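Going by this note's numbering, the first residue of the sequence shown is number 1006, and it counts up by one from there. Note sheet for the following structure.
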Amino acid sequence: MEDLGGAYVHTQHSGGCDHFVKSQEEGIARLREMMDFEPPQKFYIDRRETREAKCDYKEMMRCTSIDTYRYINIKDTIKCLADDGYFHEYKSSYGPGRGESIVCGKMWLKGIPVGVIASNMSGIIYIEAARKATEWMIRCGNSKIPVLFLQGSPGYMVGKAEEWGGIGKYGADMVRACSCLEVPKITYVIGPDHGAANYGMCGRAFKPRFAFTSMRGRTTVMSGETAGFILETVRRKNVEDRGGAVDEEEMARFRQMMRDRYDEEGHPFYTGSLLFHDGVITFSEARDKLARAFEITLHVPIAESIWGDMKV
């Protein structure tokens, strides 16, 4: 059978292979020898000397609840990722209580300047938060600074006040800015990742160079609790409209079934099997792997971001 293929045939006769090696280790060593002759790759951003973070991953775990839907102060998480724990926040005082649900700013990540757009506290995106995030994406795009999205949002705020205030417009502006942003984008899901927030915070459809998740992340149209409530309400209404009697035990079973289904299908292992992300990153390895991902993306020139006729 060796006459029909294999290393001997293709290195000595067919010419299909260039080198014969006896082991994987020898193959890797040969590859390194060949790469030594390649010119060094250019890094398309000004990078400074790496400085260590001021807190380790244990501190990051302490300030991040295991419960996906528990509020977290994302600024504590960012400090555990940033060189020297330094984070320069953009519009930190804008929209008290509402603009604070998204935190924007700059940090150094192993010497790489990175713009940050991060879900904070409840993560619900209000008008003020959407406007701030949109402005920051435009600034990062125009300055050609790569952007890290720390996604932990259950969605955009709904209700009369938001609709009258223009959440449709400002939410759409945020999604559009995310789509037009041509700098290297990396998404790290660290909490709920539901509904339209998946779009505005650079979900897979918006082509981040890498998309990662933590074990805390849950990516679905809505949470299991919300899905169970809504679908039970719809089923209950259908039964009542037909004049039937509502079986409360059956309704409770149905609600729990829907809740479990959405929770299961939002789990990082399930979403990973559908290629919604590129892998699960634990908090202990987040700083190293995110920095490495940005390093990979910055070996090609950063494209211009074209915003079109956009009024923010």
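Glycine residues also receive a C-beta, built at the ideal position from the N, C-alpha and C atoms. This one's a predicted model, so the numbers in the text were calculated from it and none came from an experiment.
Spatial distance of residue i from residue j (CA atoms)
i     : j     : result
I1311 : S1148 : 12 Å
A1291 : S1028 : 33 Å
L1086 : R1075 : 20 Å
K1047 : H1024 : 28 Å
R1037 : C1022 : 17 Å
G1277 : H1018 : 43 Å
K1294 : D1283 : 12 Å
V1239 : R1260 : 11 Å
A1182 : K1059 : 32 Å
G1173 : F1042 : 54 Å
F1234 : E1245 : 16 Å
T1055 : F1299 : 14 Å
G1010 : V1026 : 15 Å
V1285 : C1207 : 17 Å
R1053 : L1280 : 34 Å
R1223 : P1213 : 18 Å
S1097 : I1143 : 17 Å
E1230 : D1265 : 9 Å
L1155 : R1297 : 16 Å
G1032 : H1304 : 25 Å
T1082 : M1065 : 6 Å
R1035 : T1218 : 35 Å
K1084 : G1102 : 21 Å
Cβ neighbours of residue i in the same chain (closer than 7 Å, five flanking residues each side left out)
i     : result
H1199 : P1159, G1160, T1225, V1226, M1227, S1228
W1141 : Y1095, C1109, G1120, I1122
S1184 : F1211
M1162 : I1129, I1130, Y1131, I1172
Under 7 Å between C-beta atoms of residue i and residue j
i     : j     : result
R1209 : A1216 : yes
R1136 : Y1095 : no
L1338 : M1256 : This structure cannot settle anything about residue 1338, because the visible part of the chain is limited to 1006 through 1317.
A1138 : I1107 : yes
I1195 : G1157 : yes
Y1013 : F1288 : no
K1111 : H1093 : yes
I1307 : V1188 : yes
E1105 : N1125 : yes
P1273 : T1073 : no
G1128 : L1186 : no
G1164 : V1180 : no
Segment limits, alpha helix (DSSP H) that includes residue i
i     : result
L1036 : 1029-1040
M1263 : 1253-1270
L1328 : Because the chain spans 1006 through 1317 in this model, residue 1328 falls outside it and cannot be assessed.
F1048 : Element bounds for F1048: n/a, residue is neither H nor E.
Y1204 : 1202-1205
I1161 : At residue 1161 the sequence reads Tyr, which differs from the Ile that was named. First-last for Y1161: undefined, no H or E at that position.
V1014 : 1012-1017
F1154 : Per DSSP, F1154 belongs to no alpha helix (DSSP H); it is in the beta strand (DSSP E), 1152-1156.
V1180 : 1172-1185
A1296 : 1291-1302
Boundaries (first-last residue) of the beta strand (DSSP E) holding residue i
i     : result
V1239 : Per DSSP, V1239 belongs to no beta strand (DSSP E); it is in the alpha helix (DSSP H), 1229-1246.
I1132 : Taken as a continuous stretch (DSSP letters only), I1132 belongs to no beta strand (DSSP E), being part of the alpha helix (DSSP H) at 1132-1148.
F1344 : Missing from the structure shown is residue 1344; the chain here goes from 1006 to 1317 and no further.
Y1193 : 1190-1194
Neighbourhood of residue i by C-beta distance below 6 Å, restricted to the same chain and skipping five residues each side
i     : result
L1153 : V1119, V1121, I1191
G1100 : E1133
A1232 : M1263, Y1267
P1151 : V1119, V1188, P1189, F1299
E1309 : none
C1068 : D1081
Sequence-distant residues of the same chain with beta carbon closer than 8 Å to residue i, five excluded per side
i     : result
E1057 : D1088, D1089
V1251 : R1241, V1244, E1245
E1007 : Y1013, V1014
Residue(s) in a DSSP beta bridge with residue i
i     : result
C1109 : Y1095, I1122
T1225 : H1199
I1117 : L1114
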